[in-house]
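First comes the structure, then the notes that go with it.
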Amino acid sequence: MQTIQDIMTRDVQTISPQETVQRAAQLMDELNVGAIPVLDDGKLVGMITDRDITVRSVAVGQAPGSTKVEQVMSTDVRTCTAGQSVDEVLGQMGDVQIRRIPVLDEQSQQVIGIVSLGDVATKHSADVDRTLDEISTPSEPDRSATRH
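All residue numbers for the sequence shown refer to the UniProt record's numbering, where the first residue is 1 and numbers rise by one.
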């Protein structure tokens, strides 16, 4: 059984909830990623994605240079642990339509990595077609979660 620790990306860049949306976008550009875990005093408090920036900030006219990450980040973050099976986590990703999940240390609850659908597709022999199909199914706009 292949576990998350076998395929996860380690040394994950994080951002503070007090940073600006503009800084988050710059980091995403520099790192060529679409999501960054948000840590407050070492504790995972959210995730900010390129979609959060676009839909929850830019689309409603917020200024990226003054809008804080905490105002647009997703706070209901699904996580996994390094010892979980890839198939189990793949199922979670499909169930909640997400492409990336932070990996937490079971003891300390600190972020030790991140696993993406791309990691699964390139490093795991499982069939990712079903999960990709579930993730790609249109869902309702996420405007109700917007905080001003």
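Each residue gets a CB set at the ideal place from its N, CA and C atoms; glycine is no exception.
| Check | Outcome |
| --- | --- |
| I'd like the list of long-range same chain contacts for Ile112, defined as Cβ closer than 6 Å, with 5 residues on each side in sequence excluded. | Val103, Asp105 |
| Distance, Cα to Cα, Val38 vs Val120? | 23 Å |
| Starting from Arg10 and walking both ways along the beta strand (DSSP E), at which residues does that stretch end? | Here Arg10 belongs to no beta strand (DSSP E), and DSSP marks it neither H nor E. |
| Using a threshold of 8 Å, state whether the C-beta atoms of Val77 and Leu44 are closer than that. | yes |
| Would the beta-carbon of Ile114 fall within 8 Å of that of Met28? | no |
| What's the call for Gly94, buried or exposed, on a 16-neighbour Cβ count within 10 Å? | buried |
| Does Ile48 come out as helix, strand or coil in the three-state DSSP assignment? | strand |
| Which first and last residues belong to the alpha helix (DSSP H) in which Ala35 is found? | Where Ala35 is concerned, there is no enclosing alpha helix (DSSP H), although the beta strand (DSSP E) it sits in stretches over 35-40. |
| Going by beta carbon distance, what residues of the same chain come within less than 6 Å of Ala82, once the five residues before and after it are set aside? | Ile4, Gln5, Val103 |
| DSSP has Arg100 in a bridge; who is on the other side? | Ser116 |
| How long is the line joining the alpha carbons of Gln109 and Ala35, rounded to whole angstroms? | 19 Å |
| Compare the beta carbon distance of Ala63 and Ile48 with 8 Å and say whether it is the shorter of the two. | no |
| Using 10 angstroms around the beta-carbon of Gly46, count the other beta-carbons present and answer buried if the total reaches 16, otherwise exposed. | buried |
| Note down, in chain order, each residue of its chain lying with its Cβ closer than 6 Å to the Cβ of Lys123, except the 5 sequence neighbours on either side. | Ile7 |
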